[in-house]
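Numbering (mature numbering (1 follows the signal peptide of the UniProt record, and there is no 0)), first residue to last: -22 to -1, 1 to 794.
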């Protein structure tokens, strides 16, 4: 296996022309001081070594970044854990071979571990065009004799020719670790490394928990990522021997700069520099779809992202069935699948060929590089513990043998041709087909995780009723034997948790009714939404919210934990969001000052990802219909959670548009086609998102904004300033850094694209997410759909508010 080629990740794109051209050198007794701008420039102007402050931080760090690319991209940091508090930093090379960073008082902040036993005044520190900082003897340029090099100590970046993996001779493990935040380069929670248990493979971790898996290399591609047209100029480099196990890459014949980076939120991605447009473009990343989540479908479960909009993404390998059908149907796939027929460990066993998929987790697998495929099959068949087998090197006509001896985890399907492996099954299950088919489709999407206390106290049951009827606010409604697929919670438990719905526990109030904070006996904090006696909403909205959100699971959607229907009461129990709703902070003069640009940007991107899930990746296509700042909650880390699905509508199959005679929602956020004729679609939510983006960037509320007769609302004002190239007037640009202004202006343009008058002119949420994350060139927006809308300050009726333009009137049907 010594010469087996492994490549890191899926670089179908090319990297910069890398050479060993020398750059300016730091010699013994020479120092580089900070003073705010101490740097060493490369001769070819590729990289720069110097001092910098990341993001909003005032701390100073020694790092390496691309010289001509703005905003600055730092690819390596020396003193990640020990920042300088001022610009007194001094960098020097000592005669004993150490590179030392100290503060103004001479205290060592950081140093290399390259101390030599012999003092040599020819020792130098040198930065190469590859981005590698090395310490060497000035008379010896052989890389094998470097005393120390930064490539041995990666940060959050992997550059071309740099290795990730193990060097047993040096006693090193090279791996990527995320920054703690854009303002703090200290090692964060996430890492990307080679796991050498079983058969080596690339994996992403949150602390010690696996969050994604790239899988093993078969000498052509990674089993966990797809190429349709691999770049033939791409040259992989790898080793698997007693001295080293590593992956590396290089594309020596292309001028395009490519980098692999692990983001602060744990996403490994490949970014390519578009020099013409002066932006980074995302080629691929470790969160391409929901199936990239590690072992989402459990043992022997298969994930197919193409089914995200249908009956669910998970199925079972042929010959297997869900271990717990009830949990499986609810969207909890963690238990995975079990065999329909036990193996006989003899003549009754055979193999099913799984094609076009991702090889299972290889941490418990065994391998032999010299066996052919037929010998591998016999070895698996003769071992009762063997569960599957496959090749190692597909280039050699099926050479090499990989054997699995435990449950098969983290399998997924792909489009087009792909890798294949053989799963052992009982012959009676019928395994002659050459292509894997998903056996058990899900009948429901993800079910929100319930509280342990609920499961102890409450059984899944039907809504409490009397003779098939339900009493709601004094009226009796037919039950029709419908079920709410959620834990039903006793009213007494909720009353105790909220101190009998004490005013001190009240968080706010909406169209459904008041919301209270509660604390269960085990200390779990919850939020309880209680239907008001005066509310114009009722059983329909209650059931709609339960049926929609209970089957959804996404980090940017609020989780519904349970419900209560008892003695005329209707209550919904949610996870508690300590930072309340976005509008409470965004439109408060003092609290809004705590929302810096990175936080606002994170909120925008989180809402976009949540909407993308609703529109494309959930079991059903969900139209929210009431997206606004008050329906976005903020968790403890200020991450956004879309809430309030009482007005939501779901589509099945290929349906993309619907019509209603009952227009509900909040004026200002409603799209023109929905407000005027009741037509709604995913593009209606896109419009609402555009309004919300403009509010988040500017801190100005759509419904309360008024500038002049020429700009009666926030949309028209933003459009006017965009046309006049005066976007800085929308907000306090002095509080933003130069790169923040660029990102804020870009967000405004994306918001304006979303509020185009006609639905077909608005981008899809998948395109919106791409624009927010990839920094591609943006289309030019057209005049907003609500350009001339103007609200009347004289209308005070809380239930019916009418706004007029020159030819139409619009009505808000309830306080939401």
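Backbone N, C-alpha and C fix where the C-beta goes; we use that ideal spot for every residue, glycine too.
**Q.** Nearest-angstrom beta carbon gap, residue 39 and residue 32 [assumed within contact, 8 Å]
**A.** 7 Å
(Q) So for residue 532, helix, strand or coil by DSSP? (A) coil
Q: Kindly indicate which residue of 67, 327, 164 and 170 has the alpha-carbon position closest to the one of residue 151.
A: For residue 151, the closest of 67, 327, 164 and 170 by C-alpha to C-alpha distance is 170.
Q. If you run the structure through DSSP and keep just helix, strand and coil, what is residue 405?
A. helix
Q: Can you check DSSP and say which residues form a bridge with residue 162?
A: 159
Q. Taking C-beta to C-beta, are residue 342 and residue 383 nearer than 8 Å?
A. With a cutoff of 8 Å on beta-carbon distance, residue 342 and residue 383 are scored as near each other.
Q: Starting from residue 796, trace the alpha helix (DSSP H) both ways and give me its first and last residue.
A: Because residue 796 is not part of the residues shown, which for the chain are -22 to 794, the question remains open.
(Q) Taking the beta carbon of residue 277 as the centre, do at least 16 other beta carbons fall within 10 Å, making it buried, or is it exposed? (A) Flag for residue 277 reads buried.
(Q) Between which residues of its own chain and residue 125 is the CB-CB distance below 7 Å, once the five residues before and five after are set aside? (A) 75, 92, 94, 113 and 114
Q) Any idea what DSSP makes of residue 115, helix, strand or coil? A) strand
Q | residue 182 vs residue 133 beta-carbon contact at 8 Å | A | no
Q: Alpha carbon to alpha carbon, how far is residue 505 from residue 290? Give it in angstroms, no decimals.
A: Roughly 29 Å separates the two Cα atoms.
(Q) Using only CA atoms, which one of 485, 331 and 401 lies nearest to residue 363? (A) Nearest in C-alpha terms to residue 363, of all of 485, 331 and 401, is 401.
Q: Specify the secondary structure class of residue 426 as computed by DSSP and reduced to three states.
A: For residue 426, the pLDDT reaches just 31, beneath the cut-off of 50, and the residue's location in the model is therefore unreliable, although a value from the coordinates is still provided. In the structure shown, residue 426 sits in coil (DSSP, three-state: anything other than H, G, I, E or B).
Q: Can you say whether residue 86 is buried or exposed, counting buried as having 16 or more other CB atoms within 10 angstroms of its CB?
A: exposed
Q) What's the gap between the Cα of residue 474 and the Cα of residue 521? A) 24 Å
(Q) Spatial neighbours of residue 117 within its chain, please: C-beta separation below 8 Å, excluding the five flanking residues on both sides. (A) 100
Q.
Measuring straight from C-alpha to C-alpha, what distance separates residue 673 and residue 621?
A. 18 Å
Q: At 3 residues or longer, and completely inside the segment 252 to 324: list those beta strand (DSSP E) runs for me, N to C.
A: 257 to 263, 279 to 281, 292 to 294, 298 to 300 and 315 to 317
**Q.** Nearest-angstrom Cβ-Cβ length linking residue 165 and residue 58, presumed shorter than 8 Å
**A.** Residue 165 to residue 58, Cβ: 6 Å. Contact.
Q: Compare the C-alpha of residue 545 against each of 581, 604 and 470 and name the closest.
A: 470
Q | First and last residue of the uninterrupted alpha helix (DSSP H) at residue 471 | A | 469 to 475
Q | Residue burial classification, residue 602 (beta-carbon count within 10 angstroms, cutoff 16) | A | buried
**Q.** Separation of residue 68 from residue 8, as counted between CA atoms
**A.** 10 Å
Q. Helix, strand or coil for residue 798 per DSSP?
A. No answer is possible for residue 798: it lies beyond the span of the chain, which begins at -22 and ends at 794.
(Q) On the CB-based measure, 16 or more other CB atoms within 10 Å of its CB, does residue 266 come out buried or exposed? (A) exposed
Q. Which residue or residues does DSSP assign as beta-bridge partners of residue 542?
A. 549
Q: May I ask you to list the residues that DSSP assigns as paired with residue 486?
A: 493
Q.
From the DSSP secondary-structure annotation, give me the bridge partner or partners of residue 169.
A. 155 and 183
Q | Separation of residue 131 from residue 61, as counted between CA atoms | A | 17 Å
Q: Given a cut-off of 8 Å, decide if residue 77 and residue 65 are closer than it, judged by their beta-carbon atoms.
A: no
(Q) Going by C-alpha to C-alpha distance, which of 652, 34 and 588 sits closest to residue 736? (A) 652
Q. Among 494, 648, 221 and 260, which one has its Cα closest to the Cα of residue 510?
A. 494
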